[in-house]
Structure formats: structure tokens, C-alpha cells
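Peer 1: Here it is, the structure in full.
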Amino acid sequence: MHHWSTHHNFTLIMLGAAYNLLEVLIVLVPILLAVAFMTIIERKVLAAMQRRVGPNKVGYYGILQPFADALKLVVKETVIPAQATKSLFFLAPVITLIFSLLGWGVIPFGAGLTLSDFSLGILYTLAISSIGVYGVLFAGWSANSKYAFLGSLRSTAQMISYELILSSAILTVILLSGSFNIISIIESQEAIWYVVPLLPMFIIFFISALAETNRTPFDLPEAESELVAGFFTEHSGMIFVFFFLGEYCSIVLMSTLTAILFFGGYNMPELFINDTFINLQSIVLGLKTCAFCFLFVWFRATLPRLRYDALMVFCWTGMLPLAIGLVVLVPSILVAFDVTPY
Amino acid sequence: MNTFLLDLLAFGAVLSGVLVITSKNPVISVLFLISVFVNAAGYLLLLGVGFVGISYLIVYVGAIAILFLFVVMMLNIQLTEIVSVGREYTKNLPLGFIVGSLFFFEVLSVLPASYSDAGELPLGLFNYINGLFLGVNSSFTSSDVHMTFSGPGADDSFTGFLQIEAIGQGLYTYGSLWLLLGSIILLLAMLGPITLCMRSASDK
């Protein structure tokens with residue numbers, strides 16, 4: 004009897020582990036697919052805006068192009084510079100990819116549809132995104148090449164500067180909703196999306212999101228004419244794919260966060276709330292995310308790149324005082340009208 | 219299972235702490251420092267003090283360690299230089315030991331042996347002034363302060379609160395004067411470098 008029960012317990016633990024693994028895979032596989040399609044969105048939209056055709060050979064309308072690209076990158080030879088610090092050289096792309104994927108752990112795709120309903124979810128997202136910076140820093144330093152090193156220093160300085168603004172934008176959302184839990188933040192937007200009362204903060208948030216993901220007009224680390232390709236100049240083949248995936252994954256994550264924090268996440272007026280098996284709320288979140296992904300590409304097609312000093316001055320003397328001013332103003336209004344949510 | 223993980227994280231933190239001072243390359247040193255922070259944050263998270271653990275990640279790993287790493291990478295120090303300078307410093311090891319044990323003694327004399335029966339401590343004056351500000355008599359003692367900041371005590375006395383709310387409640391009531399004091403110190407620390415770096419009009 005005793006033997007049976009320990010055996011039974013072991014089976015239960017294994018089943019639990021398998022269940023958890025399956026749960027994680029159900030989130031991860033679609034995310035990676037979304038990242039793959041983000042690259043084709045970027046190429047197609049850029050092509051349309053520049054009056055070209057864009058990729059149209061692989062699959063219908065070139066829809067399978069990302070998989071062809073991935074295959075090409077995977078079979079390429081991985082060249083490792085002789086002077087590189089090997090351990091960090093391999094660790095850096097892994098950190099970039101893993102930490103941009105870890106951010107999805109607290110994202111709700113529908114009412115209660117989340118890997119972890121963590122009470123400090125939004126703080127977790129901030130912590131994870133701040134650790135992701137290390138991937139960039141390690142990549143540049145370990146390659147032992149001045150282009151990669153300068154690119155990584157630029158990129159890191161830019162990311163930690165704009166992270167301040169991103170955090171203060173998120174802080175105002177937390178002040179309005181009175182919770183760190185992402186689901187409560189979404190539920191508190193049932194009356195009105197936060198983009199309406201916090202429109203200036205939304206603009207600041209989106210600008211800093213562009214800078215955080217190293218996108219145009221803030222793609223200084225990838226200033227091809229000066230720095231070849233920035234921090235991943237020396238990375239090739241498979242380890243380059245990791246950087247590539249990590250970068251596009253953080254773009255999709257940022258778009259999702261924008262949709263969640265300012266546009267009500269999976270919420271939409273009555274229309275989409277039903278008791279059927281297919282949850283339309285996730286589709287609502289997906290559509291909102293797609294809109295912001297499009298916005299990311301639109302910015303790339305429209306705006307020229309900033310000069311580096313202009314970028315830093317804009318952050319520290321332009322955006323930061325504005326963001327701090329709003330962080331003081333929003334709670335002051337809440338207290339003055341006695342409408343604090345706690 | 220959980221205690222095993224806790225032991226593993228504690229061991230990892232101590233091991234990386236030792237490696238910080240033994241590794242020759244300063245960049246690798248900072249990497250182990252980050253490892254110490256990450257291990258400590260994981261330890262705190264597993265203990266159930268999630269907010270403190272996550273603040274550890276945001277503040278130490280996300281901001282302070284990155285600045286360290288940034289500066290160390292930019293300096294580009296030669297290894298031979300460090301080794302020679304390091305030999306000079308080992309001469310001062312006894313002095314370091316004396317200062318370190320003095321600090322250790324001070325910390326031991328301030329902290330109570332156990333938080334449950336914390337008696338009158340040198341914190342009394344501040345708590346008294348804090349009580350005056352709040353309009354309360356000096357009825358609460360330093361044990362109230364410790365009750366707020368010791369993990370299980372806070373959870374017991376603030377049932378129904380989230381952990382972060384419990385910390386806020388303690389910080390803005392029992393610890394309000396400490397909060398002000400801490401923020402003034404931080405403000406001074408911020409103003410100091412700015413005044414030092416500021417060039418006067420005649421310099422231009």
C-alpha cells in the first residue's frame with residue numbers, strides 16, 4: 004500500500020510537470036509564430052510604403068518568407084571571432100531571447116487566460132525587461148571588436164535612459180488603476196480606456212517603447228554607416244537568429260503591453276463577450292497588438308534616424324521632466340477630487 | 219523541495235560573493251556581483267517576499283549593476299596593472315579586518331537577537347519624534363517598527379493586505395520619519411555630485 008502511494012504521488016508530480024510544460028508551450032509556440040509573422044509584416048508594409056512589391060515568392064503573397072529566412076540563417080556557418088570571450092559571446096543572445104520570452108509569463112490573453120496571475124505582474128515585466136539589457140551589453144563586450152562595443156554602449160545607455168520614462172508612464176497607469184496586477188489593470192479600464200485620460204502619457208510611453216526596442220527613429224545601435232550592425236556585428240548564423248528573434252519578440256511584447264496598459268487589453272464593448280468555446284477576447288487583444296506592430300513599422304518607414312546626442316538630450320531634458328511632471332500631476336488630480344482607487 | 223532550492227540559492231549567492239573578490243578580470247567580477255543579486259532576489263521570491271525580491275531585480279540588477287558594468291567596461295583596465303595594485307592593497311588586510319569587525323560589532327549591537335522580543339533599542343528617540351508628528355503618544359516602541367519590517371510579523375498583523383500594501387502601511391505610519399530622513403539623505407546624495415560637477419559662470 005505504501006509503495007503504491009509513493010508511486011502514485013510520483014505519477015501526480017510528473018503529470019503536473021507535463022501539464023505545466025504543455026501550458027508554457029501553448030503560449031510560447033504561438034508567440035514564436037507571431038514573431039516570425041512580425042518580420043513579414045515589417046517587410047511587406049515597408050515595401051508597400053516604398054512602392055515596392057516586397058517578398059512574394061515563398062507561399063501565397065510571400066507569407067512563408069520568414070520560414071525560408073529562418074532556414075537560410077540556421078544553415079549558415081557560425082563564425083566565432085578568435086579574440087572573443089567565448090562564454091559571454093554565446094550567453095548574450097540566449098539572455099536576449101529568453102528574457103524577451105519570459106515577459107509573456109504574466110500577459111493575460113483573455114479573462115483569466117494567463118500563465119501566472121501574479122499580484123506584482125507589471126513590476127515583473129519591468130524587472131525582466133531591465134535584465135534583457137545585459138544581453139546587449141555582453142554581446143558588445145565579449146566580441147572584442149570596437150564596432151560591436153561602441154554599438155552596445157550606445158544601445159545600453161539609450162535603453163537604461165528610456166527605461167526611466169517607460170517606468171514613469173507605467174506608474175501613472177498603476178496610480179489610476181490602484182493595482183500592480185495586469186488583469187486588474189485591464190478590468191479597471193472597462194469604463195474607459197486609459198488612452199483617453201492619459202493621452203500625453205501614452206505618447207510618451209510609445210516613444211520610449213520605440214527607444215527600448217531600438218527601433219527607428221532611435222535605431223542608433225544599428226547605424227549601418229558608422230557601426231556596421233551595432234552590438235551584434237560579430238554574431239552570425241544561429242546565434243544571430245537568437246538576437247533577431249529576441250528583438251522582434253520584444254517589439255510584439257511592447258505592442259501587447261501598449262494594448263493592455265492604454266487600450267483596455269482584451270476588453271471590448273459587449274460585442275465580443277460570449278460563453279462559446281472560442282474566446283473572442285484573445286482575438287481582440289491580437290487585433291490591438293497588430294495595430295501597434297503596424298505603428299512600429301509605420302514609424303520606421305516615415306521617420307529619419309536621430310543623431311545620438313540629440314537622442315540623449317531629448318530623453319533627459321525633454322521627456323524626463325515632462326514624465327515626472329505628469330507623475331506628480333496625475334495623483335494630485337486624483338487626491339484633489341478624492342477619487343483615489345484605494 | 220523548496221528548502222533545497224533555498225539552500226541552493228543561498229549557496230549560489232555566497233559562492234558568487236567569493237568569486238566577486240577572487241576573479242582577476244574586473245568585468246567578470248561585476249558579472250558575479252550580478253549573480254549575487256539574482257540569487258538573493260530568487261531567495262527572497264521563494265521565501266514569499268515577492269515585492270522585495272522584484273525590487274532587488276529592478277534596482278540592483280536593472281540599474282546599479284548595469285552602471286557598474288558600464289564604467290568597468292569603459293575603463294578598459296589592463297590585467298597586469300590590477301594584479302600589481304592588488305599586491306599593494308593586500309598589505310592593508312589587517313586594517314581592513316579591524317574596520318570590518320568594528321562594522322560587524324556595530325550592526326550586531328543595534329539589531330536585536332530576535333525580532334519577537336525586541337526590547338528598548340537606540341531607535342527610541344526617532345520613534346518618539348515620529349509619534350509626536352503623528353499626534354500619538356510615545357506609546358509605541360521600537361518593537362512596533364520591527365514588527366512592521368519583519369516578514370511574518372507584518373503578514374500576521376496586516377491580514378487581508380497584499381504584501382506591498384503592508385510595507386506601505388508600515389512605512390507611512392511607524393516609519394514616516396525614517397522615510398523622510400532617508401529621502402533627505404538621498405536628495406543630498408543627488409545634489410552633491412551635481413554641485414561638484416557644476417561649472418561656475420566665470421569658468422566659461
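Line by line, the protein sequences give chains A and B. Going by the working numbering, the first sequence opens with residue 4, and the numbers climb by one from there. Going by the working numbering, the second sequence opens with residue 219, and the numbers climb by one from there. For every residue, glycine included, the Cβ atom is placed at its ideal position computed from N, Cα and C.
Does Met-291(B) have its Cβ less than 8 angstroms from a Cβ in chain A?
Peer 2: yes
Peer 1: Roughly how many angstroms lie between the CA atoms of Lys-79(A) and Met-291(B), to the nearest whole one?
Peer 2: Here the alpha carbons of Met-291(B) and Lys-79(A) stand approximately 31 angstroms from one another.
Peer 1: In chain B, which residues lie less than 7 angstroms from Tyr-127(A) when you measure between Cβ atoms?
Peer 2: Ile-272
Peer 1: Does DSSP put Gly-62(A) in a helix, in a strand, or in coil?
Peer 2: coil
Peer 1: On the CB-based measure, 16 or more other CB atoms within 10 Å of its CB, does Glu-306(B) come out buried or exposed?
Peer 2: Counting Cβ neighbours within 10 Å, Glu-306(B) comes out exposed, since fewer than 16 surround it.
Peer 1: Using a cut-off of 9 angstroms between C-beta atoms, extract the partners of Val-338(A) located in chain B.
Peer 2: Here the premise fails: no neighbours, minimum Cβ distance about 14 angstroms.
Peer 1: Given a threshold of 16 other Cβ atoms within 10 Å of its Cβ, counted over all protein chains shown, does Gln-86(A) qualify as buried or as exposed?
Peer 2: exposed
Peer 1: Using a Cβ-Cβ cut-off of less than 9 angstroms, give me the residues of the segment 17-29 of chain A that come near chain B, in sequence order.
Peer 2: none
Peer 1: According to DSSP, is Arg-417(B) part of a helix, a strand, or is it coil?
Peer 2: For Arg-417(B), the three-state secondary structure derived from DSSP is coil.
Peer 1: Within 8 angstroms of any Cβ in chain B, is that where the Cβ of Ile-134(A) sits?
Peer 2: yes
Peer 1: Could you tell me whether the Cβ of Leu-140(A) comes closer than 8 angstroms to any Cβ of chain B?
Peer 2: yes
Peer 1: Could you name the residues of chain A that Phe-255(B) contacts, counting a contact when the two beta carbons are closer than 7 angstroms?
Peer 2: Per Cβ cutoff of 7 angstroms: no residues; Phe-255(B) is ~10 angstroms from chain A at best.
Peer 1: Let me know the secondary structure DSSP gives Leu-405(B) once reduced to three states.
Peer 2: helix
Peer 1: Please state if the CB of Met-41(A) and the CB of Cys-296(A) are separated by a distance shorter than 8 angstroms.
Peer 2: yes
Peer 1: Could you tell me the distance, in whole angstroms, from the CA atom of Gly-369(B) to the CA atom of Thr-236(A)?
Peer 2: Unreliable placement is indicated for Gly-369(B), whose pLDDT of 42 sits below 50; the coordinate value is still reported in the next sentence. Taking the Cα positions, Gly-369(B) is about 48 angstroms away from Thr-236(A).
Peer 1: Say whether chain B places a C-beta atom closer than 8 angstroms to the C-beta of Phe-123(A).
Peer 2: First, the residue type needs correcting, since residue 123(A) is Leu and not Phe in the sequence shown. Cβ-Cβ to chain B under 8 angstroms: yes for Leu-123(A).
Peer 1: Which residues in chain B sit within 7 angstroms of Trp-144(A), going by Cβ to Cβ distance?
Peer 2: Under a criterion of Cβ atoms nearer than 7 angstroms, the residues of chain B adjacent to Trp-144(A) are, in order, Val-245, Met-291.
Peer 1: Could you pull out every residue in the same chain whose Cβ sits closer than 7 angstroms to the Cβ of Ser-158(A), ignoring the five residues on either side in sequence?
Peer 2: Within the same chain, Val-139, Asn-217, Pro-224, Gly-233, Phe-234 come within 7 angstroms of Ser-158(A) by CB-CB distance, once the 5 residues on both sides are set aside.
Peer 1: Tell me which residues of the segment 192-223 of chain A have at least one Cβ-Cβ distance to chain B shorter than 9 angstroms, keeping chain order.
Peer 2: none
Peer 1: Is it right to say Val-248(B) is buried, meaning 16 or more other beta carbons lie within 10 angstroms of its own, or is it exposed?
Peer 2: buried
Peer 1: DSSP three-state call for Tyr-22(A): helix, strand or coil?
Peer 2: Helix at Tyr-22(A).
Peer 1: Looking at the structure shown, is Pro-84(A) part of a helix, part of a strand, or coil, going by DSSP?
Peer 2: coil
Peer 1: If we cut at 8 angstroms on Cβ distances, does Leu-223(B) have a partner in chain A?
Peer 2: With 8 angstroms as the cut-off, Leu-223(B) does not count as an interface residue toward chain A.
Peer 1: So within the segment 292-344 of chain A, which uninterrupted alpha helix (DSSP H) runs reach at least 4 residues, ignoring any that extend past its ends?
Peer 2: 311-316, 323-339
Peer 1: Would you say Ala-313(A) lies against chain B (beta-carbon separation less than 8 angstroms)?
Peer 2: Closer than 8 angstroms: no.
Peer 1: Give, in chain order, every residue of the segment 25-58 of chain A whose Cβ lies closer than 9 angstroms to some Cβ of chain B.
Peer 2: none
Peer 1: Using a Cβ-Cβ distance under 8 angstroms, would Ala-238(B) count as near chain A?
Peer 2: Here residue 238(B) is Val; the residue named in the question, Ala, does not match the sequence. Not one chain A Cβ lies under 8 angstroms of Val-238(B).
Peer 1: So Asp-72(A) is in the alpha helix (DSSP H); what residue range does that whole segment cover?
Peer 2: 68-78
Peer 1: Go through its chain and collect everything with a Cβ distance to Pro-200(A)'s Cβ below 8 angstroms, but skip five positions before and after it.
Peer 2: Leu-179
Peer 1: Determine the DSSP secondary structure at Arg-157(A), reduced to helix, strand or coil.
Peer 2: helix
Peer 1: If you measure from the beta carbon of Ala-130(A) to each beta carbon in chain B, is any gap under 8 angstroms?
Peer 2: yes
Peer 1: When you compare only the Cα positions, how much space is there between Val-333(A) and Ser-171(A)?
Peer 2: 11 angstroms
Peer 1: Distance, Cα to Cα, Trp-144(A) vs Phe-102(A)?
Peer 2: 19 angstroms
Peer 1: What do you get for Phe-13(A), buried or exposed, if any count of 16 or more other CB atoms within 10 angstroms of its CB means buried?
Peer 2: Its Cβ having fewer than 16 others within 10 Å, Phe-13(A) is exposed.
Peer 1: Helix, strand or coil, according to DSSP, for His-364(B) in the structure here?
Peer 2: Note that His-364(B) scores 44 on pLDDT, short of 50, meaning its location in the model is unreliable; the coordinates nonetheless yield the value given after this. Note: His-364(B) maps to helix in three-state DSSP.
Peer 1: Counting only C-beta atoms, is Thr-81(A) closer than 8 angstroms to chain B at any point?
Peer 2: no
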